[in-house]
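Enquirer: Chains A and B, in that order, are what the protein sequence lines are. Mind the numbering: the first sequence is residues 494 to 568 in the numbering used here, read in order. Mind the numbering: the second sequence is residues 18 to 554 in the numbering used here, read in order. Got a structure for you, questions after.
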Amino acid sequence: MDRLLEILREIDDTVDYEKETALIDDHILDSFGIITLIAEIEDAFDIEVEAAEMTPENFNSAQAMWRMIQRLQES
Amino acid sequence: MAIYMNVYLLLFLPLTLLVYGVAPREKRWLVLLCASWFMYATLSRWLLLLLIATEAWTWGMGLWLDRLRQQCEAQVGELKQSGISGAELRTARTECRQRFRTRRLRVLLLGILVLLGILFYVQYYNFAAQNLNSLLSRLSLKLPVVKVLFPMGISFYTLEAVGYLADIYWERLEADRHFGRLALFLSFFPQIMEGPIARYQDTADQLFSGEPLRMDSLNEGFLRILVGLFKKMVISDRLSYLVNPMFAEYQKYHGSLVVLMAVAYTVQLYCEFSGSIDIVIGSGRLFGIELPENFRQPFSAQSPAEFWRRWHMSLGTWFKNYVFYPVTTSSFVKNLNKTLRKKYKKHGKYISMAATSAAALLPVWLATGIWHGAGWQYVFYGLYYFVILLAGVLLESFKAWRNQRLHIPENAVWLRVLRTLKTWVIVFIGELFFNAKSLLAGFHMFFSIFEDFHISDIWLHLPPKITRGEIMVIIAGSILVWIAGFMKENGKDIRKGVLEAGFPVRWAAYYVLIFTILLFGAYGAGYQAVDLIYAGF
Numbered sequence: 494m495d496r497l498l499e500i501l502r503e504i505d506d507t508v509d510y511e512k513e514t515a516l517i518d519d520h521i522l523d524s525f526g527i528i529t530l531i532a533e534i535e536d537a538f539d540i541e542v543e544a545a546e547m548t549p550e551n552f553n554s555a556q557a558m559w560r561m562i563q564r565l566q567e568s
Numbered sequence: 018m019a020i021y022m023n024v025y026l027l028l029f030l031p032l033t034l035l036v037y038g039v040a041p042r043e044k045r046w047l048v049l050l051c052a053s054w055f056m057y058a059t060l061s062r063w064l065l066l067l068l069i070a071t072e073a074w075t076w077g078m079g080l081w082l083d084r085l086r087q088q089c090e091a092q093v094g095e096l097k098q099s100g101i102s103g104a105e106l107r108t109a110r111t112e113c114r115q116r117f118r119t120r121r122l123r124v125l126l127l128g129i130l131v132l133l134g135i136l137f138y139v140q141y142y143n144f145a146a147q148n149l150n151s152l153l154s155r156l157s158l159k160l161p162v163v164k165v166l167f168p169m170g171i172s173f174y175t176l177e178a179v180g181y182l183a184d185i186y187w188e189r190l191e192a193d194r195h196f197g198r199l200a201l202f203l204s205f206f207p208q209i210m211e212g213p214i215a216r217y218q219d220t221a222d223q224l225f226s227g228e229p230l231r232m233d234s235l236n237e238g239f240l241r242i243l244v245g246l247f248k249k250m251v252i253s254d255r256l257s258y259l260v261n262p263m264f265a266e267y268q269k270y271h272g273s274l275v276v277l278m279a280v281a282y283t284v285q286l287y288c289e290f291s292g293s294i295d296i297v298i299g300s301g302r303l304f305g306i307e308l309p310e311n312f313r314q315p316f317s318a319q320s321p322a323e324f325w326r327r328w329h330m331s332l333g334t335w336f337k338n339y340v341f342y343p344v345t346t347s348s349f350v351k352n353l354n355k356t357l358r359k360k361y362k363k364h365g366k367y368i369s370m371a372a373t374s375a376a377a378l379l380p381v382w383l384a385t386g387i388w389h390g391a392g393w394q395y396v397f398y399g400l401y402y403f404v405i406l407l408a409g410v411l412l413e414s415f416k417a418w419r420n421q422r423l424h425i426p427e428n429a430v431w432l433r434v435l436r437t438l439k440t441w442v443i444v445f446i447g448e449l450f451f452n453a454k455s456l457l458a459g460f461h462m463f464f465s466i467f468e469d470f471h472i473s474d475i476w477l478h479l480p481p482k483i484t485r486g487e488i489m490v491i492i493a494g495s496i497l498v499w500i501a502g503f504m505k506e507n508g509k510d511i512r513k514g515v516l517e518a519g520f521p522v523r524w525a526a527y528y529v530l531i532f533t534i535l536l537f538g539a540y541g542a543g544y545q546a547v548d549l550i551y552a553g554f
């Protein structure tokens, strides 16, 4: 989780990722942020994020992203 | 019968509401479906059969995709019970899933190809044939140019159908076994002409549930329809008497008049499209249905990217979900990203972000341009925003550095105003090309801005059909719409306030709007009903 927070802060360090729950819905994380994020988390956690995973539910909060990462690591 | 016509507003809509209200709850979806198909038949006659065939195709392909998913799950379950375990089981399971995935992808592609094939044939065949013919003229090859009937709303319901199939493929939803529910989702009558483009998950169940009519929803819907009529009839339709003749004879205008054309068309398009969407969403609210919003004060945007998150939002969301994300997560873009990061160690992140953004944005903006119509001006319109948005991404770090160096506070009022004005200029130029007769006409108009720029020319050269009084009505109406938007942007929603204020204020608002539309709306003798702009796309 710490590594994920580190990646997110590298993209935008003005957001409180531990509390924010509408990163996509409120456009805090924009499409370009998403491109960078996917590349970073694929490298860092050795997973493959496919188009099917690209839903606000998976990216609205750091917690949701972490759940998705764990799920993809297990599958 | 279109949604702004008296026959829709005073006869069809109240009658449908009445039948819906007295019908038993479990049959109300049928009332909405019959009304939707009836309205479609009034718009496109026998092409209703094409709409129903498209709905049947989408329904069948969805069921096929779901069946393959179930077969895959059953086979994976059998593998678990077959006695194999550990790594052997994992490998067998992955192979089985991969096999079914390929089959499901083929079914999805077949489903989408047929849907988009019809759209392409209707919208773009002649455009493609004419361009290919001029390219291949030396080879004496000639594709025939055909007369094609245009099924109303095809650009909207096709995107909804493609989204539905893609979501089943990605296992975000299960295929609907009830044909009527899916057909109603794809053909709900207020939405069929101009959208908004909905997702099955968001509206299908609401449409099917047959909720009873409620006073608060009726009030909300009625007020929203009146607001939409105000925008369309008082501002947009009146503006068409200024905009249409000027764009038709664009060679006659230059300098300040071309600027006026660009600004006036943008206001006309916004009031027409957002006004129509108000009527659509209001019609849905009468039945207690919440359709997705399509506009969120777009002229408050501080960048072109933000503008597109506020303008035609349902189209933007569709392209993001079904084009941008699949391209971003495709192996091509991912490999490009990784290769560039490795190759350019020092600036790898920046270079890869620029390249992947370009690779992901190009198909989105090309498709956005082409979706609006068959013409090079639309291709240019898409590429115009592609270049501007990409430049915005690339200059992001420079802007942050500049603001830091010059000690410019990020939220300074003057900076916000400047950014908003810059966005307006970009939008006005885009709309000038968008409404041009051709790409060449677009460039002609754009360059003629810089010839003989005299503000005083505006009053002298206006088309004869529009009077100064009418221009005053348009300006006053536009200011009212802008104030309402500005207040909403700052947390004060006038419409919500009116609905919550109680009976006297609500009815006063209804009467004010009705009389304003009756007094200042462009209709009656001397006026022609103005078609919905987006219904032509």
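Every residue gets a Cβ at the ideal spot worked out from N, C-alpha and C, and that includes glycine.
1. Any beta-carbon of chain C closer than 8 Å to the one on Phe552/A?
2. Alpha carbon to alpha carbon, what distance is there between Val36/B and Leu530/B?
3. What are the residues of the segment 539 to 563 of chain A that lie near chain B, defined by any Cβ-Cβ distance shorter than 9 Å?
4. Using the three-state DSSP reduction, which class does Ala162/B fall into: helix, strand or coil?
5. Is Asp233/B helix, strand or coil when you go by DSSP?
6. What is the residue span of the alpha helix (DSSP H) that Trp431/B lies within?
7. For Arg189/B and Ala545/A, what's the separation of their Cα atoms in angstroms?
8. Since Ala532/A meets chain B, which of its residues come closer than 8 Å, beta carbon to beta carbon?
9. Thinking Leu449/B and Met462/B are a contact (beta carbons under 8 Å), I'd like their distance in whole angstroms, please.
10. At a Cβ threshold of 8 Å, is Ala417/B touching chain A?
11. Would you kindly work out how many angstroms separate the C-alpha atoms of Met263/B and Pro207/B, rounded to a whole number?
12. Buried or exposed: which applies to His195/B, given that a residue is buried once 16 or more other Cβ atoms fall within 10 Å of its Cβ?
13. Let me make sure I understand the geometry here. Which of Leu96/B, Phe312/B, Lys269/B, Ser291/B has the alpha-carbon closest to that of Arg110/B?
14. Please name the residue in Met232/B, Asp295/B, Cys89/B, Gly305/B whose C-alpha comes closest to that of Asn311/B.
15. Strictly below 7 Å CB to CB, what residues from chain A border Tyr342/B?
16. Pick out the complete alpha helix (DSSP H) segments inside the segment 357 to 411 of chain B, 4 residues or longer, and give them in chain order.
17. Residues of the segment 204 to 216 of chain B with a CB closer than 7 Å to any CB of chain A: list them in chain order, please.
18. Is the separation between the beta-carbon of Ile53/B and that of Ser204/B shorter than 8 Å?
19. Taking Asn352/B as the reference, which of Thr373/B, Met22/B, Tyr367/B has the closest Cα?
20. Tell me whether the beta-carbon of Met547/A lies closer than 8 Å to the beta-carbon of Tyr270/B.
21. Would you check if the distance between the CB atom of Met370/B and the CB atom of Ile528/A is smaller than 8 Å?
22. So which of Gly245/B, Ala279/B, Arg241/B has the shortest CA-CA distance to Leu259/B?
23. Pick helix, strand or coil for Thr346/B, following the three-state DSSP scheme.
24. Any beta-carbon of chain A closer than 8 Å to the one on Lys439/B?
25. Am I right that Leu80/B and Ala192/B are in contact with their C-beta atoms under 8 Å? What's the rounded C-beta distance?
Expert: To lay it out plainly:
1. The structure shown has no chain C; the protein chains it does contain are A and B.
2. Along the second sequence, read from residue 1 onward, the residue named residue 530/B stands at position 513. Along the second sequence, read from residue 1 onward, the residue named residue 36/B stands at position 19. Leu530/B and Val36/B: Cα-Cα distance of roughly 27 Å.
3. Within the segment 539 to 563 of chain A, the qualifying residues are Glu541, Val542, Glu543, Ala544, Ala545, Glu546, Met547, Thr548.
4. Position 145 of the second sequence, counted from the first residue, corresponds to residue 162/B. In the sequence as presented, Ala is not what sits at residue 162/B; that position holds Val. In the structure shown, Val162/B sits in coil (DSSP, three-state: anything other than H, G, I, E or B).
5. If you number the second sequence from 1, residue 233/B lands on position 216. For Asp233/B, the secondary structure class from DSSP, reduced to helix, strand or coil, is helix.
6. Taking the first residue of the second sequence as position 1, residue 431/B is located at position 414. From DSSP, the alpha helix (DSSP H) with Trp431/B extends over 430 to 451.
7. In the second sequence, counting from the first residue as 1, residue 189/B sits at position 172. In the first sequence, counting from the first residue as 1, residue 545/A sits at position 52. Cα-Cα distance, rounded: 8 Å.
8. For this step, residue 532/A is matched to residue 39 along the first sequence. Taking a Cβ-Cβ threshold of 8 Å, the residues of chain B close to Ala532/A are Lys351, Asn354, Lys355, Arg358, Ser369, Thr373, in chain order.
9. Position 432 of the second sequence, counted from the start, is the residue given in the question as residue 449/B. Position 445 of the second sequence, counted from the start, is the residue given in the question as residue 462/B. The beta-carbon separation of Leu449/B and Met462/B, rounded to 6 Å, stays under the 8 Å limit for a contact.
10. The residue you call residue 417/B lines up with position 400 of the second sequence. Taking 8 Å as the CB threshold, Ala417/B stays off the interface with chain A.
11. Locating residue 263/B in the second sequence gives position 246, counting from the first residue. Locating residue 207/B in the second sequence gives position 190, counting from the first residue. Between the C-alpha atoms of Met263/B and Pro207/B there is a straight-line separation of about 31 Å.
12. Along the second sequence, read from residue 1 onward, the residue named residue 195/B stands at position 178. His195/B should be labelled exposed.
13. Numbered from 1 along the second sequence, position 93 holds the residue referred to as residue 110/B. Selected option, being the one with the closest Cα: Leu96/B.
14. Along the second sequence, read from residue 1 onward, the residue named residue 311/B stands at position 294. The shortest Cα separation from Asn311/B among Met232/B, Asp295/B, Cys89/B, Gly305/B belongs to Asp295/B.
15. Counted from its first residue, the second sequence places residue 342/B at position 325. In chain order: Ala544, Met547.
16. The segment 357 to 411 of chain B contains these whole alpha helix (DSSP H) runs: 365 to 388, 393 to 411.
17. Of all residues in the segment 204 to 216 of chain B, none has a Cβ within less than 7 Å of some Cβ in chain A.
18. Locating residue 53/B in the second sequence gives position 36, where the first residue counts as 1. Locating residue 204/B in the second sequence gives position 187, where the first residue counts as 1. A small fix is needed here, since residue 53/B is Ser in this sequence, not Ile. Result yes, Cβ atoms of Ser53/B and Ser204/B sit closer than 8 Å.
19. Taking the first residue of the second sequence as position 1, residue 352/B is located at position 335. Considering only Thr373/B, Met22/B, Tyr367/B, the residue with the shortest C-alpha distance to Asn352/B is Thr373/B.
20. In the first sequence, counting from the first residue as 1, residue 547/A sits at position 54. In the second sequence, counting from the first residue as 1, residue 270/B sits at position 253. The Cβ atoms of Met547/A and Tyr270/B lie no closer than 8 Å to each other.
21. In the second sequence, the residue the question calls residue 370/B occupies position 353. In the first sequence, the residue the question calls residue 528/A occupies position 35. Between Met370/B and Ile528/A, the CB-CB gap stays under 8 Å.
22. The residue you call residue 259/B lines up with position 242 of the second sequence. The residue with the shortest Cα to Cα distance from Leu259/B is Ala279/B.
23. What you label residue 346/B is simply residue 329 of the second sequence in a count that begins at 1. In the displayed model, Thr346/B falls within coil according to three-state DSSP, outside both helix and strand.
24. Position 422 of the second sequence, counting from 1, holds the residue named residue 439/B. No, no contact with chain A.
25. Position 63 of the second sequence, counted from the start, is the residue given in the question as residue 80/B. Position 175 of the second sequence, counted from the start, is the residue given in the question as residue 192/B. Rounded, the Cβ-Cβ distance is 5 Å, consistent with contact.
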